[in-house]
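Residues in the sequence shown are numbered consecutively from 189, following my numbering.
What follows is a single structure, written as structure tokens, with notes after it.
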Amino acid sequence: MAYFTIQKHDDVAVVVLDQANSPVNVLSAKMLDDFSNLMDTIEQDNDIKAAVLYSAKPDCWVAGADIKEFMQMKSSEEAGELSRGGNQLLTRLSKLNKPVIAAINGATLGGGMELALACHYRIASTDKKTVFGLPEVKLGLLPGGGGTQRSVKLVGLRNALDMLLTGKNVYPFKAKKIGLVDELIHKEGLLQAAIKTARDFANNGGVKRKPRKKGMLDKVLEGTPFGRNFVLKKARQTVSAKTRGNYPAPLKILDCVEIGLDSGFDAGLEAESEGFAFLHGTDACKNLIQLFLAMQDNKKLKSSAKTHQVENISMIGAGFMGAGITEVSIKAGYDVVLKDISLSGIGKAMKTIWSDFEGLVKRKAMGVVERDQLLSKVKGTTYDKDLKNSELVIEAVFEDIGLKQKILADVESHCNSSTVFATNTSSLPITEIAEKSKHPANVIGMHYFSPVPKMPLLEIIVTEKTSARAKAIATNVGLDQGKTVVVVKDGPGFYTTRILSALTHEAIQVLKQGASIEDVDNAMKDWGFPVGPLALLDEVGIDVAAHIARGSLGEMFKERGVEEDDTVQKLSEAKQFGRKSGKGFYSYPKNGRKSVNKEIYKYFGGEERKELDKKSIQNQIGLSMVNEALLCLQEGILSSASDGNLAAILGLGFPPFTGGPFSYVNAQGASNILATLNDLHDKYGVRFKPADILVEHAKDNKSFV
Numbered sequence: 189m190a191y192f193t194i195q196k197h198d199d200v201a202v203v204v205l206d207q208a209n210s211p212v213n214v215l216s217a218k219m220l221d222d223f224s225n226l227m228d229t230i231e232q233d234n235d236i237k238a239a240v241l242y243s244a245k246p247d248c249w250v251a252g253a254d255i256k257e258f259m260q261m262k263s264s265e266e267a268g269e270l271s272r273g274g275n276q277l278l279t280r281l282s283k284l285n286k287p288v289i290a291a292i293n294g295a296t297l298g299g300g301m302e303l304a305l306a307c308h309y310r311i312a313s314t315d316k317k318t319v320f321g322l323p324e325v326k327l328g329l330l331p332g333g334g335g336t337q338r339s340v341k342l343v344g345l346r347n348a349l350d351m352l353l354t355g356k357n358v359y360p361f362k363a364k365k366i367g368l369v370d371e372l373i374h375k376e377g378l379l380q381a382a383i384k385t386a387r388d389f390a391n392n393g394g395v396k397r398k399p400r401k402k403g404m405l406d407k408v409l410e411g412t413p414f415g416r417n418f419v420l421k422k423a424r425q426t427v428s429a430k431t432r433g434n435y436p437a438p439l440k441i442l443d444c445v446e447i448g449l450d451s452g453f454d455a456g457l458e459a460e461s462e463g464f465a466f467l468h469g470t471d472a473c474k475n476l477i478q479l480f481l482a483m484q485d486n487k488k489l490k491s492s493a494k495t496h497q498v499e500n501i502s503m504i505g506a507g508f509m510g511a512g513i514t515e516v517s518i519k520a521g522y523d524v525v526l527k528d529i530s531l532s533g534i535g536k537a538m539k540t541i542w543s544d545f546e547g548l549v550k551r552k553a554m555g556v557v558e559r560d561q562l563l564s565k566v567k568g569t570t571y572d573k574d575l576k577n578s579e580l581v582i583e584a585v586f587e588d589i590g591l592k593q594k595i596l597a598d599v600e601s602h603c604n605s606s607t608v609f610a611t612n613t614s615s616l617p618i619t620e621i622a623e624k625s626k627h628p629a630n631v632i633g634m635h636y637f638s639p640v641p642k643m644p645l646l647e648i649i650v651t652e653k654t655s656a657r658a659k660a661i662a663t664n665v666g667l668d669q670g671k672t673v674v675v676v677k678d679g680p681g682f683y684t685t686r687i688l689s690a691l692t693h694e695a696i697q698v699l700k701q702g703a704s705i706e707d708v709d710n711a712m713k714d715w716g717f718p719v720g721p722l723a724l725l726d727e728v729g730i731d732v733a734a735h736i737a738r739g740s741l742g743e744m745f746k747e748r749g750v751e752e753d754d755t756v757q758k759l760s761e762a763k764q765f766g767r768k769s770g771k772g773f774y775s776y777p778k779n780g781r782k783s784v785n786k787e788i789y790k791y792f793g794g795e796e797r798k799e800l801d802k803k804s805i806q807n808q809i810g811l812s813m814v815n816e817a818l819l820c821l822q823e824g825i826l827s828s829a830s831d832g833n834l835a836a837i838l839g840l841g842f843p844p845f846t847g848g849p850f851s852y853v854n855a856q857g858a859s860n861i862l863a864t865l866n867d868l869h870d871k872y873g874v875r876f877k878p879a880d881i882l883v884e885h886a887k888d889n890k891s892f893v
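As structure tokens, then:
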């Protein structure tokens, strides 16, 4: 058996999972065949009284199914049969007349989680690498190996739905609390504890599990048909409000759970296989899996060259962004010198980082000792001389080009000639920042997104003079920080800010045409954005948007013949900054929910609004962003359409189910997008002039990805 070996410990068989030539174990058709043979052996060997499933991989039990194998399936029927075969196998495991214990250390996700659920008992290590989850929903799928049924039986309806509908990770102590695992132990004692437990069960009449503790609310909501129906109804309402019909997987998951509760376990499994087959054929599933695979491939960008490794980072600026960059840096193992003009600023940053870590401690996702060790990796200072040993200096000060140039000069006067200088900016030209640099080859842009610990994208900006070494160092650090890294060329607004500006500019034009704020934002949320463009402007800050519009990006649009619009400048001058000032397109009372700020309509022709066609709003706003993305590829700002998809989704919330702006063009057809843009061009002018690259792809019927 290529995936398993059996080690006999007297009457207990330790089944060692160890997929050859792979850093992780993944479920595949071949592995399932081997597992069937394995169960034959366990069943037929009378000397074996119990079994333990244990992984030889240091940080992984079973990481899930082989996604690439899934993508190669030629039909939905084939996917359904795979699910049925897996369900039959795991049902056989669950009914085995010998105790089977899952001894879990490391990632246990997707199909791996379903394998663990089918075991009779689960013992897990408390190691920080141990994590559980059913993340299929993030791939536009549902768990196809009994996960929708066994999770409900094991942890209860509400806990199961929380796992199934979010795909979020569950860490060991939470897993023990909700009943997902039965025991926790330190990693070093895991195997021996599992062997002892398996033998005890075999010699004492079978598996004895402590029932999950249920509170009164659990008994009311999960112990009666009325309560279960109430929970499922509320879940459907929440899912529908969030997905707006764009993601079929969550509703299919709810269908499977409901059928299992109403019609029994076997009916639930069949619904699961049918749902798995259906979702295999959806565009959302295909696009989300392509996104996942692109993110996995992105990790391969890391360079192993010794000259591309750094240990010491300096962070200049202890504001919100500086604190966030420091946090992800120390979590990645770097020592950080945090420099600011004041000790109070450093103290505030450290308090922010401590608060974030304390949240992890409370959720048992980080230990107190680990928290304190990480915090000790930060050295606060107000002196430039403390930067001297840094191999990479990142600055995150106010968006002022003169200030950034001064900081660069200070760094170069205190650090050696090989120190890489990275500026965190969303729009200031890196070439201009490096204009007076002694070592322009060392200067690079690292555009982080806020809040840094949560946002997955890092946009790295290179100039004509940036060295391959500087690019490799910035990329390595970003990947270590857990970011998906997209490298773009320097240019007005780079990639993300440029296409975002096109989106928000057009949203303002639609307001001027008479649409209401709610209609604009709701139309784009229906299109698939997590928030509407006007609400997003409020979050970013209308003053920030005005600052960007006054810079090189605004000049670029003017040079293209786009009519200048001073509305954002007027709003900024009127202190209508958005959330930070309490008013923008929405009002933000200190106590209460946000509501439309009707006063702002005076900048858009008055309070009287008219209803515009939703599809027209979506095309006007959405395709402005798509066309700008196409121009970025055409001009060489982007090196690939795949990078453009990743950055738009992970940095700006472009609808993930579409696969990104370039995949959206492919799905709709380049000729159809071109026709719509031509109509918009005729109606609104030069800002909708289709990118030449789109015209070429439409003519030749070519795809972008």
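All C-beta atoms in this analysis are idealised placements derived from N, C-alpha and C, irrespective of residue type, glycine included.
Looking at the DSSP output, Ser783 shares a beta bridge with Ser775.
Within the same chain, and ignoring the five residues on either side of Val631 in sequence, the residues whose Cβ sits closer than 6 angstroms to its Cβ are Phe609, Ala622, Ser625.
Judged by DSSP secondary structure, Asp388 falls within the alpha helix (DSSP H) whose first and last residues are 378 to 391. The beta carbon of Ala711 sits closer than 6 angstroms to the beta carbons of Lys802, Ile805, Gln806 from its chain, once the five residues preceding and following it are set aside; these are given in chain order. Counting along the chain, no alpha helix (DSSP H) covers Leu329, and no H or E run does either. By the beta-carbon neighbour count (other beta carbons within 10 angstroms, threshold 16), Arg738 is exposed. When DSSP reads this structure, Met503 sits in a beta bridge with Leu526, Ile582.
Within the same chain, and ignoring the five residues on either side of Ser282 in sequence, the residues whose Cβ sits closer than 7 angstroms to its Cβ are Ala306. In this structure, DSSP gives Ser615 a state outside helix and strand, which the three-state scheme calls coil. Leaving aside the five residues that flank Leu826 on each side, the residues in its chain whose CB is nearer than 7 angstroms to its CB run, in chain order, Val676, Tyr683, Cys820, Gly832.
The stretch 427 to 445 and the stretch 351 to 359 touch, with three or more beta-carbon pairs separated by less than 8 angstroms. Phe892 counts as buried, since at least 16 other C-beta atoms from the protein chains shown sit within 10 angstroms of its C-beta. For the 9 angstroms CB-CB criterion, Asn604 and His496 do not form a contact.
Listed in chain order, the non-local C-beta contacts of Lys552 below 8 angstroms within the same chain comprise Tyr359, Pro360, Phe361, Lys362, local neighbours out to five positions each way being set aside. DSSP, read as helix, strand or coil, puts Gln425 in helix.
Leaving aside the five residues that flank Asn357 on each side, the residues in its chain whose CB is nearer than 6 angstroms to its CB run, in chain order, Val319, Gly321.
The three-state secondary structure of Ser517, taken from DSSP, is helix. Residue environment analysis places Ile529 among the exposed positions, since fewer than 16 neighbouring C-beta atoms fall within 10 angstroms of its C-beta. Of the other Cβ atoms in all chains shown, 16 or more fall within 10 Å of the Cβ of Arg338; this residue is therefore buried.
Under a 10 Å Cβ-count criterion, Gly679 is classified as buried, with 16 or more other Cβ atoms of the shown protein chains found around its own Cβ. Here Asp707 has Arg797, Glu799, Leu800, Lys802, Ile805 as same chain residues with Cβ atoms under 8 angstroms from its own Cβ, once five neighbours each way along the sequence are excluded. Separation of Arg280 and Thr470 (C-alpha to C-alpha, rounded to the nearest whole angstrom) is 30 angstroms. When the alpha-carbon of Pro718 is set against those of Ser502, Gly793, Gly512, Tyr435, the nearest one is in Tyr435. Comparing alpha-carbon positions, the option among Lys316, Ile230, Val557 lying closest to Lys286 turns out to be Ile230.
Of the residues assessed, Val524 falls on the buried side of the cut-off, its CB having 16 or more other CB atoms within 10 angstroms. In the structure shown, the three-state DSSP call for Thr296 is strand.
Inclusion of Leu722 and Ala662 in the CB contact set at 9 angstroms is not warranted, their separation being larger than that value. Residue burial annotation: Val202 is buried, with at least 16 other C-beta atoms found within 10 angstroms of its C-beta.
Per DSSP, the beta-bridge partners of Lys567 are Val525. Between the stretch 207 to 215 and the stretch 248 to 256, the count of Cβ pairs shorter than 8 angstroms is three or higher; the stretches touch.
Taking the Cα of Leu840 as reference, the smallest distance to any Cα among Ala858, Gln757, Val814, Glu823 is reached at Val814. Burial check for Tyr571: the Cβ neighbour count within 10 Å stays below 16, so the residue is exposed. Out of Ser812, Ser601, Arg781, His468, the CA that lies nearest to the CA of Ala690 is found in Ser812. Taking C-alpha positions only, Phe842 is separated from Cys473 by approximately 16 angstroms.
For Ile194, the closest alpha carbon among the candidates Ala239, Gln207, Ala208 is that of Ala239.
DSSP, reduced to helix, strand and coil, places Ala537 within a helical segment of the structure shown.
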